[in-house]
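S.K.: The opening residue of the sequence shown carries number 134 in my numbering; numbering runs sequentially from there.
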Amino acid sequence: MAAKDQLGRHGEQLAVTYLTARGMRVLDRNWRCADGEIDIVARDGNALVVVEVKTRSGRSHGTAFEAVTGEKLLRLRALAGRWLAAHTERFDTIRVDVIALERFAGDFSLRHERGVV
């Protein structure tokens with residue numbers, strides 16, 4: 134597995150650990166359909182939360198949070214609808230979150246932005 138892929142998988146696992154420690158229940162990981170992929174699908178109370186996880190080992194190409202485009206966020210909103218259509222769970226609201234992880238000197242910093250769309 135490429136180092137970039139390993140970094141991404143590690144970042145997703147850190148994000149799952151972070152979310153579950155805050156009381157969210159992870160329903161799905163790396164859910165795919167013809168229109169794209171959702172990194173993490175979670176329940177936060179009565180909210181469906183789709184989470185985009187970006188992990189970077191440096192800032193030479195900008196921050197991890199900056200790597201998530203507005204177009205990507207709108208696609209995630211649409212993918213949330215596709216996920217709901219494929220599952221029986223029901224929610225009062227839908228939220229799109231971003232978890233941005235950056236590794237410096239072996240340690241990770243985590244930024245969680247709730248409801249970015």
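Just so it is clear, CB atoms sit at the ideal spot from N, CA and C, and this is done for glycine as well. Computed from a predicted structure; not experimentally measured.
Please report the straight-line C-alpha distance between I227 and R158, rounded to a whole angstrom.
M.R.: 14 Å
S.K.: What would DSSP say about H143, mapped onto helix, strand or coil?
M.R.: helix
S.K.: So who's on the other strand from L181, going by DSSP bridges?
M.R.: R176 and I227
S.K.: One question on the structure: do L152 and A175 come within less than 7 Å of each other, judged by their Cβ atoms?
M.R.: Yes; because the gap between Cβ atoms is below 7 Å, this pair is in contact.
S.K.: Cutting at 6 Å between CB atoms, please list the residues of its own chain near E246, excluding the five before and the five after it.
M.R.: Same-chain partners within the cutoff: V231.
S.K.: Pick from V184, R210, V183 and A200: whose alpha carbon is nearest that of S190?
M.R.: A200
S.K.: Are the Cβ atoms of G214 and V186 separated by less than 7 Å?
M.R.: no
S.K.: Assuming A197 contacts L160 (C-beta within less than 8 Å), just tell me the rounded distance between them.
M.R.: In this structure A197 does not touch L160 by the C-beta definition: roughly 24 Å separates them, more than the 8 Å allowed.
S.K.: Once DSSP output is grouped into helix, strand and coil, what is the label at G214?
M.R.: helix
S.K.: Please state the DSSP three-state secondary structure of A233.
M.R.: strand
S.K.: With DSSP collapsed to three states, give me the class of T150.
M.R.: In the three-state reduction of the DSSP assignment, T150 falls in the helix class.
S.K.: Note down, in chain order, each residue of its chain lying with its Cβ closer than 6 Å to the Cβ of C166, except the 5 sequence neighbours on either side.
M.R.: R215
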